[in-house]
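Read in order, the letters of the sequence shown are residues -27 to -1, 1 to 129 in mature numbering (1 follows the signal peptide of the UniProt record, and there is no 0). Glycine residues also receive a C-beta, built at the ideal position from the N, C-alpha and C atoms. All remarks here apply to the structure that follows.
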Amino acid sequence: MKLINGLGVTLLLGTAVWTGTTLQANAKTLTWHAGTPKSLRKTWYHNGAGDNKAYITYSATKSTGNLLQATNAKATYAKLPGYGLKKLKYQALGHHVYRLSGIQYSPKGSTVQFDGQRLTYQVKVVSRHQLHFYKGYAKYVTKPAFKVVALKQLTR
């Protein structure tokens, strides 16, 4: 009987140690890191149908994005002033999936609905050239299927 009780205690302790190690490993992967993952730091474009085009640019500490405005030139779009998140931080969730969180800001002269509030969302880096958002416009790529010009070029 003592042998069975001793074996039960050993199994129970072994399971507790294994579970504790697993929980500790998961807690490390869900640590918040300052800034953005390096794989995101570039400009990404949504090649939607018709005039449904958008962009988002990630730097080390913020994101900026907006819709693209159609111009008079064929297949040419202009970047509208961007809004986004500042003071970004992220969690690596595994398999190139990241949870990003930051404080929403607006371009000068305008205000978005959640200005100054924290916003959190998830994104997956599918490849060096493709990004998948889990909400909103889902697919973004690094090379737009159209010409992009600065908004300043249109006002001249």
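Under DSSP, N25 takes part in no beta bridge, so it has no partner.
Taking one beta carbon from each stretch, the segment 77 to 86 and the segment 13 to 32 have fewer than 3 pairs nearer than 8 Å; the two do not touch. When beta bridges are read from the DSSP output, T30 appears opposite T16, T37. Non-local beta-carbon contacts of K108 in its own chain, meaning distances under 7 Å to residues more than five positions away in sequence, involve Y94 in chain order. A distance below 8 Å between beta-carbons, with the five flanking residues on each side excluded, links K62 to the following residues of its chain, in chain order: W5, H6, A7, G8, L73, S74, G75.
When V85, P54, K112 are compared, the shortest CA-CA separation from K125 is found for P54.
When the five nearest sequence neighbours on each side are left out, the beta carbons in the same chain lying within less than 8 Å of the beta carbon of L66 are those of T2, L3, R72, Q95, in order along the chain. In the three-state reduction of the DSSP assignment, K108 falls in the coil class, being assigned neither a helical nor a strand state.
DSSP links G8 through a beta bridge to no other residue. Around the beta carbon of S36, 16 or more other beta carbons sit within 10 angstroms, so the residue counts as buried. Rounded to whole angstroms, the separation of the alpha carbons of T16 and D24 is 19 Å. The beta carbon of H102 is closer than 8 Å to those of V114, T115, K116 in its chain, skipping five residues each way along the sequence. When C-alpha distances from S100 are compared across K59, A33, A43, H69, the shortest belongs to H69.
With contacts defined as CB atoms closer than 8 Å, K52 and V121 qualify as a contacting pair.
Rounded to whole angstroms, the Cβ separation of T84 and K59 is 15 Å, and the two are not in contact under 8 Å.
A direct Cα-to-Cα measurement between L41 and Y50 gives close to 6 Å.
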